[in-house]
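Engineer:
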Amino acid sequence: MSKNTSTNNNGDIPDIIDNVDYESMPHPDKIGTITNPKGNFNPTIPDILPHEQVYSIQVGEKLFRLSGASLSSDAPSYFTTFFLKHKDLPDESRPVLYIDRSPKVFETIVSHLKGYYCVPKSSEEFVYMLLDASYYHLPRLMHQLANSEIFMRIGNSSFRIPRNIFSNPGDTPNFFTLGFTAFFGSEIETTRRKAFIRPPPLAPPTVPNRSGDLFSELLAVLQGSPVNVRDHEHRRMLVRECRYYRFRNLEQRLIEHQIIVNRARQSEEILLNLEDIKDQHLSVTDNKGGLATVLFYKRPFVDTMLRELVFQIKGDEQVVLVKSAEAGSSWEVIFFDSAKEKLKSIQLVLIDKFQVRLSTGQKGYLVNVDDASISVNGSYIDPRVDALGTTPDSYGGSMQEDVESAGTSGSRKRPRSAPVRSGPIQLIVNQSQWRMKLFGDGQAIFELLTAESISGQRYKNKMRKFL
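For reference, each letter of the sequence shown is one residue, going 1 to 467 in full-length UniProt numbering.
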């Protein structure tokens, strides 16, 4: 016997609870007791079969003998219905109930009838217990299984998913809670209504077309582990899995974002990729006195406060900045592909919800570039300076290209320092960050914050990669 244990006065039961801190334990009124339970469990056993009588049930090749108390603890059932017809017979005259099912599964059910909490160890065992609980009409076991952990096979891996990990707002209802409800409501109820001689075989719930490894990572995050995102592609796959399983809270925590404190503006900003913005969560503040304001955003299920929205657009040739050759003309922006479609939906929200329209120019939307940081072909420019003061190499295709006729001498080559202008400026933007500024007259304008761009085919060809 351990030196920390002692015996009681009878000398037969070790006393190992002398050092328990009872004051730190929750009061029984809060957690419930056997005689005063809290929750759905009722420890009393109804008087259906005489509790002291013993009944024989043969399942497969194995004989089980259970008391009336055990059989009555989860009733009315197939067992109580059968033995109620013979409850007045003496023990030796009562018939044996023969059932052609698995004795191994029934052993677990017997433990349940005797008062033990039984937990399946795998998705296969869960389905076996579920089918037999339905077959034997055990209402308490059915309810327990319906509200227990979720057993699911994803890809090549089996998972036992606690329901309490879906406690964050937005993470439920999801693929698993809805799928399990459908599983109980269709497959199991069908077997009960049709009264088969034996339940038909039922495969465990399976999601064969998803990655078990990725789900394992999501499960770890839902259980409180830190997010370990290896690279952009890994993040993209995790977010895609979140959307498939409808983990909307987790999705918002995993998408690329930055919370930025802008001291110069005395505000907090949230930086998001354009495609990750949920249009319905855009907002504006009251611009009293007609003062300009900006578009605000709050991530659903995660954020508690609005922040100034800065959105990022990445991807070649989705954004083009243009400026006409006319003196004093404004910069404009033209969007293409997915950026164009996303901003079109945002514009509809601005019109319907806030009665705000984006200001347009001759070719695209008007852009405020007063504070923008713009690089062209690797060099930074001041977008407020007229392009006449730039050199030909600054804008590539927006200026006259260096030309040299075939068969002529180098003396005919135009000097590189000559300030020549041939037409409008056109910059193809690789990545950029934007803010949307709103005015009291119901107009809005894009405000460019930073951009990396190229101009001219020569620089684009320089960036080409071989296969």
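All C-beta atoms in this analysis are idealised placements derived from N, C-alpha and C, irrespective of residue type, glycine included. This structure is a prediction, so every number in the text was calculated from the model and none was measured.
Which class does Lys278 belong to by DSSP, given the choice of helix, strand or coil?
Structural biologist: The answer is coil: DSSP assigns Lys278 none of H, G, I, E or B.
Engineer: Between the Cα of Phe151 and the Cα atoms of Gly179, Asn168, Asp171, which residue gives the shortest distance?
Structural biologist: The candidate whose alpha carbon is nearest that of Phe151 is Gly179.
Engineer: Alpha carbons only, please: which of Val54, Asp88, Tyr136, Asp100 is nearest the one belonging to Asp74?
Structural biologist: Comparing Cα-Cα distances from Asp74 to each of Val54, Asp88, Tyr136, Asp100, the minimum goes to Tyr136.
Engineer: Who are the Cβ neighbours of His51 in its own chain at under 6 Å, not counting the five residues just before and after it?
Structural biologist: These residues qualify, in order along the chain: Gly68, Ala69.
Engineer: Under 8 Å, with one C-beta from each stretch per pair, do the stretch 264 to 274 and the stretch 207 to 227 reach the 3-pair mark?
Structural biologist: Touching, no.
Engineer: Is Val367 closer than 9 Å to Phe446 when the C-beta atoms are compared?
Structural biologist: Cβ atoms of Phe446 and Val367: closer than 9 Å.
Engineer: Among residues of its own chain, excluding the 5 on either side of Gln347, which ones have a beta-carbon nearer than 7 Å to its beta-carbon?
Structural biologist: Leu358, listed in sequence order.
Engineer: Apply the 10 Å Cβ neighbour rule to Arg198 and answer buried if 16 or more other Cβ atoms are within range, or exposed otherwise.
Structural biologist: Arg198 comes out exposed.
Engineer: To which residues of the same chain is Glu317 closer than 6 Å at the C-beta, ignoring the five residues directly before and after it?
Structural biologist: Around Glu317: Ile428.
Engineer: When the distance is taken between beta carbons, is Val119 closer than 9 Å to Glu149?
Structural biologist: Cβ distance < 9 Å, so Glu149 and Val119 count as in contact.
Engineer: Are Pro424 and Ala325 closer than 9 Å when you measure CB to CB?
Structural biologist: A contact, by the Cβ cut-off of 9 Å.
Engineer: Classify Asp316 as helix, strand or coil using the three-state DSSP reduction.
Structural biologist: In the structure shown, Asp316 sits in a strand (DSSP, three-state: E or B).
Engineer: Which residue comes first and which comes last in the alpha helix (DSSP H) that contains Met237?
Structural biologist: Counting along the chain, the alpha helix (DSSP H) containing Met237 begins and ends at 232 to 245.
Engineer: Between the stretch 160 to 175 and the stretch 229 to 240, do at least 3 Cβ pairs fall closer than 8 Å?
Structural biologist: Too few Cβ pairs lie closer than 8 Å, so no.
Engineer: Kindly indicate which residue of Val239, Ala292, Leu131, Gly60 has the alpha-carbon position closest to the one of Arg435.
Structural biologist: Of Val239, Ala292, Leu131, Gly60, the residue nearest in Cα terms is Ala292.
Engineer: Which word fits Pro383, buried or exposed, when buried means at least 16 other C-beta atoms lie within 10 angstroms of its C-beta?
Structural biologist: Its Cβ being crowded by 16 or more others within 10 Å, Pro383 is buried.
Engineer: As a quick exercise: from Ser373, Val319, Val356, Leu131, pick the residue whose alpha carbon is nearest that of residue 469.
Structural biologist: What is shown of the chain runs 1 to 467, which leaves residue 469 out entirely.
Engineer: Given a cut-off of 9 Å, decide if Asp132 and Ile161 are closer than it, judged by their beta-carbon atoms.
Structural biologist: No, these two residues do not count as a Cβ contact at 9 Å.
Engineer: List the DSSP bridge partners of His257.
Structural biologist: DSSP lists Leu272 as partners of His257.
Engineer: Restricting to runs no shorter than 4 residues, where is the alpha helix (DSSP H) found entirely within the stretch 301 to 378?
Structural biologist: With a minimum length of 4 residues, the continuous alpha helix (DSSP H) runs that stay inside the stretch 301 to 378 are 337 to 354.
Engineer: Should Ser453 and Ser338 be called a contact, given that it needs their Cβ atoms to be closer than 9 Å?
Structural biologist: Going by C-beta atoms, Ser453 is not nearer than 9 Å to Ser338.
Engineer: State the Cα-Cα distance for the pair Leu448 and Asp371, rounded to the nearest angstrom.
Structural biologist: If I take the Cα positions, the gap works out to 8 Å.
Engineer: Compare the C-alpha of Tyr117 against each of Leu63, His143, Leu97, Ser211 and name the closest.
Structural biologist: Nearest of Leu63, His143, Leu97, Ser211 to Tyr117, Cα basis: His143.
Engineer: Going by other Cβ atoms of all chains shown within 10 Å of its Cβ, with 16 needed for buried, is Leu63 buried or exposed?
Structural biologist: By the neighbour-count rule (16 or more Cβ atoms within 10 Å), Leu63 is not buried but exposed.
Engineer: For Asp276 versus His257, is the C-beta distance shorter than 9 Å?
Structural biologist: Yes, these two residues count as a Cβ contact at 9 Å.
Engineer: Which stretch, first to last residue, makes up the beta strand (DSSP E) that contains Phe166?
Structural biologist: Segment: none, Phe166 is in no beta strand (DSSP E) and carries neither H nor E.
Engineer: Taking Cβ positions, are Leu49 and Leu84 nearer each other than 9 Å?
Structural biologist: Closer than 9 Å, so yes.
Engineer: Buried or exposed: where does Arg248 fall if 16 or more other Cβ atoms within 10 Å of its Cβ makes it buried?
Structural biologist: Its Cβ being crowded by 16 or more others within 10 Å, Arg248 is buried.
Engineer: Around the Cβ of Ser305, are there at least 16 other Cβ atoms within 10 angstroms (buried) or fewer (exposed)?
Structural biologist: Note that residue 305 corresponds to Met in the displayed sequence, not to Ser. Label assigned to Met305: exposed.
Engineer: Can you list, in chain order, the residues of its chain whose CB lies under 8 Å from that of Met129, leaving out five sequence neighbours each side?
Structural biologist: Closer than 8 Å at the Cβ level, and outside the excluded window around Met129, lie Val105, Thr108, Ile109, Cys118, Pro120, Leu141, Leu145.
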